[in-house]
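Engineer: Numbering (the UniProt record's numbering), first residue to last: 1 to 279. For glycine and all other residues, C-beta sits at the position ideal for the given N, C-alpha and C.
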Amino acid sequence: NNKRLVILECDVKNALLLEKIIRKIEPKFIFHFAAQPYILQSWEDPVDTIEVNVIGTINVFQPLIKYNLKTRVILACTSTEYDTKNRSGVPLKETDPLLALHPYGISKIAAELLARQYFSNFNVEIINLRFFNQTGIRRINDAPSDFIRKLIKIELGSDDNKLQVGNLNPYRDFTDIKDSVLAILLAATNGKPGETYNVCSGKKVQIREILNIVLSFSNEKIEVVENDPQKLRKVDEDIIIGDNSKIKIELGWEPTLSIEETLKEMYFYWLNYYKRQKL
1 NNKRLVILEC DVKNALLLEK IIRKIEPKFI FHFAAQPYIL QSWEDPVDTI EVNVIGTINV
61 FQPLIKYNLK TRVILACTST EYDTKNRSGV PLKETDPLLA LHPYGISKIA AELLARQYFS
121 NFNVEIINLR FFNQTGIRRI NDAPSDFIRK LIKIELGSDD NKLQVGNLNP YRDFTDIKDS
181 VLAILLAATN GKPGETYNVC SGKKVQIREI LNIVLSFSNE KIEVVENDPQ KLRKVDEDII
241 IGDNSKIKIE LGWEPTLSIE ETLKEMYFYW LNYYKRQKL
């Protein structure tokens, strides 16, 4: 109902329509989060992943040059760009080598290199945010959300008591999306064009611990089946943890919500959601 909010739908691969929209609006900021963001899907369809994440990014940048727009772009990047295989367990810094292990990560490296090229050659103000694992209410298709939604369906009697999961051994660095939004806004207003910032908690948590915290919310007896083939990745990094000292020092940002707080809020959000759906 907000009259100031105008929604225009456009496929980022549609260069002509995207150019028309950008030319008409002449935006002060572009938050470029359009992507094919799933690792498994990037193996299944690497061509589409490249078209969306690389060509789509070019389609965002080109109108800014063509019409000489003074637009600042916040580009969503990913921790999976890093060489996590040879630096497992080491907090990753923005200056560490990029050597992704899957088509998704490679596509985002390409997008970042394009951003550097457009900034260096055409003075397009682009700021790269390398997000580590983001989660929170409304999130779907990640481990915390999958665990929580399955648990609630079991509690409400709409699903069996078997929870099939993938690999629970990896460690990841989680940030609540509400904290991440503040990082995005700070980057837009105070970030330095041409720079890259990690958005992360700086803390590692094992996926197994995530599951145990979620299961502690319920008295239901759950049978956990690990290493479901449909949920296993072709390549799964053991440990991914970020160093957030740069964004702390330069932008004054740091996360405020613990993973326990985030998981609890997600649990009650989805519980109320499914109750309204009358499962």
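(1) With DSSP run on the structure shown, which of helix, strand or coil describes Ile127?
(2) Can you tell which of Asn59, Phe268, Leu215 and Asp11 has the C-alpha that lies nearest to the C-alpha of Lys162?
(3) Where does Thr256 sit, in a helix, a strand or coil, going by DSSP?
(4) Along the alpha helix (DSSP H) that carries Thr189, what are the first and last residues, could you check?
(5) Would you call the region 183-203 and the region 233-247 in contact, with 3 or more CB pairs under 8 angstroms?
(6) Would you grab the beta carbon distance between Ser79 and Arg130 for me? Rounded to a whole angstrom, and I think it's under 8 angstroms.
(7) Does the beta-carbon distance from Ile184 to Phe31 come in below 8 angstroms?
(8) Comparing C-alpha positions only, which one of Gly191, Gln134, Ile177 and Ile109 sits nearest to Cys77?
(9) Quick test of the definition: if touching needs 3 or more C-beta pairs under 8 angstroms, does the region 156-170 touch the region 228-237?
(10) Please classify Lys278: is it buried, with 16 or more other beta-carbons within 10 angstroms of its beta-carbon, or exposed?
(11) Expressed to the nearest angstrom, what Euclidean distance is found between the alpha-carbon atoms of Leu64 and Glu250?
(12) Please list the segments of the beta strand (DSSP E) lying wholly inside the region 213-264, counting only runs of 3 or more residues, in order along the chain.
(13) For Ala100, does the three-state DSSP call read helix, strand or coil?
Structural biologist: Working from what's here:
(1) Sequence index remark: in the sequence shown, residue 127 carries index 127 (1-based). Residue state, collapsed to three classes: strand.
(2) Looking up residue 162 in the sequence shown gives position 162. Measuring from the Cα of Lys162, the nearest candidate turns out to be Leu215.
(3) Translated into positions along the sequence shown, residue 256 becomes position 256. Thr256: coil per DSSP, three-state reduction.
(4) For the purposes of this step, residue 189 is taken as the residue at position 189 of the sequence shown. Counting along the chain, the alpha helix (DSSP H) containing Thr189 begins and ends at Ile177 to Asn190.
(5) They touch, by the three-pair rule.
(6) Taking the sequence shown and counting its residues from 1, one reaches residue 79 at position 79. Taking the sequence shown and counting its residues from 1, one reaches residue 130 at position 130. With a Cβ gap of about 6 angstroms, Ser79 and Arg130 count as contacting.
(7) One-based indexing of the sequence shown puts residue 184 at position 184. One-based indexing of the sequence shown puts residue 31 at position 31. Between Ile184 and Phe31, the C-beta gap is smaller than 8 angstroms, which places the two residues in contact.
(8) In the sequence shown, the residue the question calls residue 77 occupies position 77. Closest by alpha carbon: Ile109.
(9) Yes: the two stretches touch, three or more of their Cβ pairs being nearer than 8 angstroms.
(10) Along the sequence shown, one-based indexing puts residue 278 at 278. Classification of Lys278: exposed, given that the 10 Å Cβ count is below 16.
(11) If you number the sequence shown from 1, residue 64 lands on position 64. If you number the sequence shown from 1, residue 250 lands on position 250. Using only the alpha carbons, I get a separation of about 27 angstroms.
(12) You should have 223-225.
(13) Along the sequence shown, read from residue 1 onward, the residue named residue 100 stands at position 100. The three-state secondary structure of Ala100, taken from DSSP, is coil.
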